[in-house]
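Visitor: Numbering (the working numbering), first residue to last: 15 to 317.
Quick one: structure below, then a few questions.
So this is what it looks like as structure tokens:
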């Protein structure tokens with residue numbers, strides 16, 4: 015993550031408005047707005063656990079209102095979440111919460127999808143009406159059809175299981191549903207991708223049940239998820255400090271055009287590439303802008 019281990023980290027959480035008549039209350043928002051301002055300390059911690067890691071204070075910043083289940087609203091909102099600061103704070107991780115079906119299970123989504131959105135939003139609008147003919151001016155032109163989070167989903171899930179009771183049905187999913195849940199997830203992933211940032215975002219699906227007991231359970235599961243994400247990221251950073259593959263930017267070879275590009279945190283691209291002749295730069299899209307200059311996209315691996 016961008017912050018030092020000793021510094022406060024900020025996790026931004028969003029939820030949705032209701033959108034189906036049979037579910038007049040959207041539990042995603044009820045869970046989001048019930049979250050504490052700070053991640054509470056663990057009551058019991060096993061220092062010998064292979065998952066043990068010390069984490070800094072974690073502020074939980076909830077988007078101030080539920081998001082309308084509308085393609086245009088989501089498209090306009092998401093880039094503002096990833097500006098340098100949001101509500102005056104630097105955001106380290108974003109968690110989008112959405113409602114799934116009636117089954118009492120909780121899922122974290124590993125990826126978002128660019129296309130395949132056939133359903134109308136709550137206002138009767140189709141995504142195609144917003145995207146037009148999808149030419150080179152399309153906001154997602156030349157982006158991958160599937161984008162994955164840069165969070166370690168498997169490691170997060172393992173930690174999440176450790177922090178939760180044995181009767182909790184916690185899962186990893188690779189299909190967020192091709193509706194507004196998938197759409198907001200891909201929108202966040204794509205915004206980070208275009209900005210050359212690490213994609214520190216995840217989508218969290220919760221049951222449709224909005225009863226008081228299930229909302230309380232969902233809040234506990236969400237708190238455990240936030241803790242698991244932060245632990246996973248802090249553990250990764252501590253490992254990277256002693257690793258030759260630390261995330262500071264360095265030269266890399268593009269896996270597609272096999273020309274020179276960069277890999278890492280995205281903050282030092284000019285110092286990495288300005289000494290390389292531009293004819294040798296990766297020619298893939300989309301470009302990343304730094305200090306008013308266009309640079310190639312990040313390599314898929316540090317290679």
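Cβ coordinates follow ideal geometry from the N, Cα and C atoms, glycine included.
Since we're looking at a predicted model, the values are computed, not measured.
Assuming residue 111 and residue 29 make a contact with CB atoms under 8 Å, what is their CB distance in whole Å?
Guide: The pair is a contact, with the Cβ atoms about 5 Å apart (cut-off 8 Å).
Visitor: Could you say if the region 153-162 and the region 219-228 meet the contact criterion of at least three C-beta pairs nearer than 8 Å?
Guide: The region 153-162 is not in contact with the region 219-228.
Visitor: Is it buried or exposed, residue 257, if we count other Cβ atoms within 10 angstroms and call 16 or more buried?
Guide: Reliability fails at residue 257, whose pLDDT of 43 lies under 50, so the model's placement of it is uncertain and the value that follows must be treated cautiously. With fewer than 16 Cβ atoms within 10 Å of its Cβ, residue 257 is classed as exposed.
Visitor: Would you list, in sequence order, the uninterrupted beta strand (DSSP E) runs of no fewer than 3 residues that lie entirely inside the region 157-205?
Guide: Qualifying beta strand (DSSP E) stretches, in chain order: 160-162, 184-187.
Visitor: Where in the region 251-301 do unbroken runs of the beta strand (DSSP E), each at least 3 residues long, occur, reported from the N-terminal end onward?
Guide: Listed in chain order, they are 264-267, 274-277.
Visitor: Helix, strand or coil: which one does DSSP assign to residue 144?
Guide: Helix, per DSSP.
Visitor: I need the straight-line Cα distance from residue 103 to residue 244, nearest angstrom please.
Guide: The alpha-carbon atoms of residue 103 and residue 244 are separated by roughly 17 Å.
Visitor: In three-state terms, what does DSSP make of residue 82?
Guide: Three-state DSSP puts residue 82 in coil, outside helix and strand.
Visitor: With respect to the alpha helix (DSSP H) encompassing residue 47, which residues constitute its N-terminal and C-terminal limits?
Guide: Run containing residue 47: 41-47, per the alpha helix (DSSP H) assignment.
Visitor: Sort out for me which residues DSSP pairs residue 23 with in a bridge.
Guide: Per DSSP, 72.
Visitor: Just grab the DSSP bridge partners of residue 113 for me.
Guide: Looking at the DSSP assignment, residue 113 forms a beta bridge with 220.
Visitor: Along the beta strand (DSSP E) that carries residue 308, what are the first and last residues, could you check?
Guide: Residues 307-309.
Visitor: Specify, as a first and last residue, the run of the beta strand (DSSP E) that residue 126 falls within.
Guide: Unbroken beta strand (DSSP E) run through residue 126: 125-127.
Visitor: Helix or strand or just coil, what does DSSP make of residue 122?
Guide: Residue state, collapsed to three classes: strand.
Visitor: Using the DSSP secondary-structure output, state which residues sit across from residue 33 in a beta bridge.
Guide: Looking at the DSSP assignment, residue 33 forms no beta bridge with any residue, so it has no partner.
Visitor: Give the DSSP-derived three-state secondary structure of residue 303 in the structure shown.
Guide: Three-state result, residue 303: strand.
Visitor: Going straight from the alpha carbon of residue 197 to that of residue 291, what length do you get?
Guide: If you take the alpha carbons of residue 197 and residue 291, they lie about 38 Å apart.
Visitor: Measure from the alpha carbon of residue 270 to the alpha carbon of each residue in 298, 279, 309, then state which is nearest.
Guide: Selected option, being the one with the closest Cα: 298.
Visitor: When you compare only the Cα positions, how much space is there between residue 34 and residue 233?
Guide: If you take the alpha carbons of residue 34 and residue 233, they lie about 22 Å apart.
Visitor: Starting from the C-beta of residue 336, find all residues in its chain whose C-beta is less than 7 Å away, skip the five residues before and the five after it, and write them out in chain order.
Guide: Examination of residue 336 is not possible in this model, given that the chain is present from 15 through 317 alone.
Visitor: Do you know offhand how far residue 195's Cα is from residue 90's?
Guide: Their Cα atoms are separated by approximately 15 Å.
Visitor: Hey, how far is the Cα of residue 275 from the Cα of residue 115?
Guide: Taking the straight line joining both Cα atoms gives about 43 Å.
Visitor: Within 10 angstroms of the Cβ of residue 150, are there 16 or more other Cβ atoms? Answer buried if so, exposed if not.
Guide: With fewer than 16 Cβ atoms within 10 Å of its Cβ, residue 150 is classed as exposed.
Visitor: By a C-beta neighbour count over all protein chains shown, 10 Å radius and 16 as the cutoff for buried, is residue 128 buried or exposed?
Guide: Buried.
Visitor: Spatial neighbours of residue 295 within its chain, please: C-beta separation below 8 Å, excluding the five flanking residues on both sides.
Guide: Correct list, in chain order: 273, 274, 275, 287, 309, 310.
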